[in-house]
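Chains D and Z, in that order, are what the protein sequence lines are.
Going by the numbering used here, the first sequence opens with residue 1, and the numbers climb by one from there.
Going by the numbering used here, the second sequence opens with residue 1, and the numbers climb by one from there.
Built from N, CA and C at the ideal position, the CB exists for glycine as well.
2 protein chains.
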Amino acid sequence: MELKRIGFIGTGIMGEAMAAHLMEAGYEVSVYNRTKAKADRLVEKGAKWCEDPQKCAEDQDVVISIVGYPRDVEEVYLGSQGILKGAKKGAYLIDMTTSSPALAERIFKEAEKLGFHSMDAPVTGGDTGAKAGTLTILAGGRKEDFDAVLPVFQAMGKNIRYMGPAGAGQKTKLCNQIAIAGALSGACEALTYARACGLEVDQVLEAISSGAAGSFQLSNVAAKGAGGDWAPGFMLKHFIKDMKLSRESSNSCGLSLDVLRQVLKEAESLEQQGQGDLGTQTLLNYYWDWSK
Amino acid sequence: MELKRIGFIGTGIMGEAMAAHLMEAGYEVSVYNRTKAKADRLVEKGAKWCEDPQKCAEDQDVVISIVGYPRDVEEVYLGSQGILKGAKKGAYLIDMTTSSPALAERIFKEAEKLGFHSMDAPVTGGDTGAKAGTLTILAGGRKEDFDAVLPVFQAMGKNIRYMGPAGAGQKTKLCNQIAIAGALSGACEALTYARACGLEVDQVLEAISSGAAGSFQLSNVAAKGAGGDWAPGFMLKHFIKDMKLSRESSNSCGLSLDVLRQVLKEAESLEQQGQGDLGTQTLLNYYWDWSK
Chain D
1 MELKRIGFIG TGIMGEAMAA HLMEAGYEVS VYNRTKAKAD RLVEKGAKWC EDPQKCAEDQ
61 DVVISIVGYP RDVEEVYLGS QGILKGAKKG AYLIDMTTSS PALAERIFKE AEKLGFHSMD
121 APVTGGDTGA KAGTLTILAG GRKEDFDAVL PVFQAMGKNI RYMGPAGAGQ KTKLCNQIAI
181 AGALSGACEA LTYARACGLE VDQVLEAISS GAAGSFQLSN VAAKGAGGDW APGFMLKHFI
241 KDMKLSRESS NSCGLSLDVL RQVLKEAESL EQQGQGDLGT QTLLNYYWDW SK
Chain Z
1 MELKRIGFIG TGIMGEAMAA HLMEAGYEVS VYNRTKAKAD RLVEKGAKWC EDPQKCAEDQ
61 DVVISIVGYP RDVEEVYLGS QGILKGAKKG AYLIDMTTSS PALAERIFKE AEKLGFHSMD
121 APVTGGDTGA KAGTLTILAG GRKEDFDAVL PVFQAMGKNI RYMGPAGAGQ KTKLCNQIAI
181 AGALSGACEA LTYARACGLE VDQVLEAISS GAAGSFQLSN VAAKGAGGDW APGFMLKHFI
241 KDMKLSRESS NSCGLSLDVL RQVLKEAESL EQQGQGDLGT QTLLNYYWDW SK
């Protein structure tokens, strides 16, 4: 079966860029977003506007969602005007939100009962990756469903990975966020110590970035903050959401990840000070007032 | 003044390789080590054996030390048969041990009073870097002294950095170790979660290593442990020493680095279980019994 028609739910910064790539690749795209104005540019380009997720799912070969929080995923899938109400038998339903593995498993089971193919496929690479069409896509679900929708993924990303059964995409994304929490905090602590003890931060970065201390977070995130740039590549409030999901999911596997918990605690205290919309590099400010 | 004669104190795995490179570069090298047998190979190659640090420092243009702990540095420099007793006026004294910034400053002052040039110049790159002559050397002290001994450093390393006044080399090395603590713990928590929740660890590494979660510690250290290899690139007990120095020095700058403290606590609990001689990747075992 050739997949031609796609319903796309959630046209925020990420979703808008992803849906645009699908249209460029020749798919017929219908869109829904809670705030209609954010879908205007896609509609101008020829996407069909739909009034709710249910209508956006009707008669589509594939339905893609990328929304905010797990509660939004739940509403969009299982709500009274949700995807599962509208989708046609045999449709591929793909949630690309970073969300709960347990919810992905639940949706998979519900969808399967109704004769749909369900996948979780969160992404990494941020808005830059979404715009460039170079996202990493981490997919969970049935392997044959992954193979069937691979051309759809290829229109939006470059590094496309099948990770295992339903929930495995979400779990892999959370691995990514857990590793980031540690690397980011280590980088922020190191640069804060450098500054507090009188070293030149730029020289320290040059000296240590390419060795055993090296990380993307040190060179590209903490370094940005140390240079006085607090603009978000990735907003602190979204990172908090992901760390909470990571804590919840790791707890449910019987783990207590103490560094993750510590970094989450620090991030929440900064959010309470009104820094949630800054980039994650604001973690630097937990230890030291970098505006000094 | 051409520097020709070097006294080298501490011929462990690192020191032996570094002294050998100095001999290959044409320097006349005298050696001292607490355990004499560890200097045998260098003596066979033509190094002159000395009975104590004082004698090893006598009549040398440069004296280099790379020993174990700050207390060893103190003994070797300030002890009754120490370097400061033996060195000739105008000699360059370089401590390459990873040690306390405060001690480096103290030695600098003492050495200066006596008419010596003192530097702290700890290294990164491990025994592999020492053997290959590709160490990173992080130097603190007077800039003119750094310029004078640069050819000596170039015989042992590749990435050679002047970081600032006395203690700045040690402080930069501690920045490196603080960043490692965070990155390593994040990587270990991520891979432990991956394994505990049923993902294929190798596939997760492939999927996330090249993006925002990427780090040397994830790809080269934690990954090694997850593959069942616990052999030390860097021994846990030495990392504990460095983290304690980092904690002490950051506290003295008025900082409390909570992720560093957490990782140190975890590492110490593993050391108490007899894992101090394993590689730092054994941090994986803090959360999960990887032998299962």
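Exercise. Counting only beta-carbon atoms, is D/G125 nearer than 8 angstroms to chain Z?
Worked result: yes
Exercise. Is the CB-CB distance between D/G182 and Z/A179 below 8 angstroms?
Worked result: no
For this session: Going by CA-CA distance only, name the one from D/M14, D/A57, D/H21 that's closest to D/V31.
Result: D/A57
Problem set entry | Unbroken beta strand (DSSP E) run spanning D/G158, endpoints | The sequence given here places Lys at residue 158 of chain D; Gly does not occur at that position. Here the beta strand (DSSP E) through D/K158 covers 157 to 164.
For this session: Starting from the N-terminal side, write out each stretch of the beta strand (DSSP E) that is 3 residues or longer and does not extend beyond the stretch 29 to 81 of chain D.
Result: 62 to 65
Problem set entry | Where Z/T97 meets chain D, residues with beta-carbon distance less than 8 angstroms | By Cβ distance, chain D contributes nothing, its closest Cβ being about 18 angstroms from Z/T97, past 8 angstroms.
Problem set entry | Beta-carbon contacts of D/T134 that lie in its chain and below 7 angstroms, excluding the five residues immediately before and after | G125, G157, K158
Problem set entry | Span of the alpha helix (DSSP H) around D/R142 | That residue, D/R142, is in no alpha helix (DSSP H); it is neither H nor E in DSSP.
For this session: Report the neighbours of Z/F298 on chain D: residues whose CB is nearer than 9 angstroms to its CB, in chain order.
Result: No answer is possible for residue 298 of chain Z: the residues shown for chain Z start at 1 and end at 292.
For this session: Would you list, in sequence order, the uninterrupted alpha helix (DSSP H) runs of no fewer than 4 residues that lie entirely inside the stretch 210 to 279 of chain Z?
Result: 223 to 226, 236 to 252, 258 to 272
Problem set entry | Residue closest to Z/A148, alpha-carbon to alpha-carbon, out of Z/L174, Z/A91, Z/D95, Z/G186 | The option with the nearest alpha carbon to Z/A148 is Z/A91.
Exercise. According to DSSP, is Z/G86 helix, strand or coil?
Worked result: helix
Exercise. Of all the options Z/P53, Z/F108, Z/T11, Z/V62, which has the alpha carbon lying nearest to the alpha carbon of Z/A37?
Worked result: Z/T11
Exercise. Smallest Cα separation from D/I240: which of D/K265, D/D258, D/Q217, D/S256?
Worked result: That would be D/K265, whose Cα lies nearest to the Cα of D/I240.
Exercise. Quick one: what's got a C-beta closer than 7 angstroms to D/A223's C-beta in the same chain, skipping five residues either side?
Worked result: L205
For this session: Would you kindly check if the distance between the Cβ of D/A87 and the Cβ of D/Q60 is under 8 angstroms?
Result: yes
Problem set entry | Residues sharing a beta bridge with Z/I117, DSSP | Ile is not the amino acid found at residue 117 of chain Z; the sequence shown has His there. Partner(s): Z/Y92.
Problem set entry | Buried versus exposed call for D/I293 [16 or more other C-beta atoms within 10 Å across all chains shown] | Here chain D comprises residues numbered 1 to 292, so residue 293 of chain D is not present and cannot be evaluated.
Problem set entry | Beta carbon proximity, Z/L236 to chain D, threshold 8 angstroms | no
For this session: Could you work out which residues of chain Z lie near D/F216, taking near to mean beta carbons separated by less than 8 angstroms?
Result: The contacting residues are G211, A212, A213, G214, S215.
Problem set entry | Cβ neighbours of Z/C50 in the same chain (closer than 6 angstroms, five flanking residues each side left out) | S30, Y32, C56
Exercise. When DSSP labels each residue in this structure, what does D/L294 get in the three-state scheme?
Worked result: Since the first residue shown for chain D is 1 and the last is 292, residue 294 of chain D is missing from the structure and cannot be characterised.
For this session: Note down, in chain order, every chain Z residue with its Cβ under 8 angstroms from the Cβ of D/T11.
Result: Chain Z residues near D/T11: none, gap ~23 angstroms exceeds 8 angstroms.
Exercise. Across which residues does DSSP place D/F8 in a beta bridge pair?
Worked result: D/V31, D/I64
Exercise. Which stretch, first to last residue, makes up the alpha helix (DSSP H) that contains D/L191?
Worked result: 168 to 196
Exercise. Quick one: Cα of D/Q177 to Cα of Z/T35, how far?
Worked result: 47 angstroms
For this session: Could you spell out the range, first to last residue, of the alpha helix (DSSP H) harbouring D/G15?
Result: 13 to 24
Exercise. Secondary structure at Z/T332, three-state DSSP: helix, strand or coil?
Worked result: With chain Z represented from 1 up to 292, any question about residue 332 of chain Z goes unanswered, as that position is not in the structure.
Exercise. What three-state label does DSSP hand Z/T124 in the structure shown?
Worked result: strand
Exercise. Start and end of the alpha helix (DSSP H) containing D/L205?
Worked result: Residues 201 to 208.
For this session: Confirm, please, whether the CB-CB distance from D/M163 to D/D145 is below 8 angstroms.
Result: no
Exercise. So, is Z/K4 buried or exposed, given that buried needs 16 or more other C-beta atoms within 10 angstroms?
Worked result: exposed
For this session: Taking only the alpha-carbon atoms, compute the straight-line gap between Z/Q54 and D/S250 and give it to the nearest angstrom.
Result: 56 angstroms
Problem set entry | Contact list for D/S250 against chain Z, beta-carbon separation under 7 angstroms | Y193
Problem set entry | chain D contacts from the stretch 165 to 177 of chain Z (Cβ-Cβ distance under 9 angstroms) | For the stretch 165 to 177 of chain Z, the residues whose beta carbon sits under 9 angstroms from a beta carbon of chain D are, in order, P165, G167, A168, K171, T172, K173, L174, C175, N176, Q177.
Exercise. Between the stretch 254 to 273 of chain D and the stretch 212 to 232 of chain D, are three or more C-beta pairs nearer than 8 angstroms?
Worked result: Two segments are said to touch when three or more pairs of C-beta atoms, one from each, lie closer than 8 angstroms; by this definition the stretch 254 to 273 of chain D does not touch the stretch 212 to 232 of chain D.
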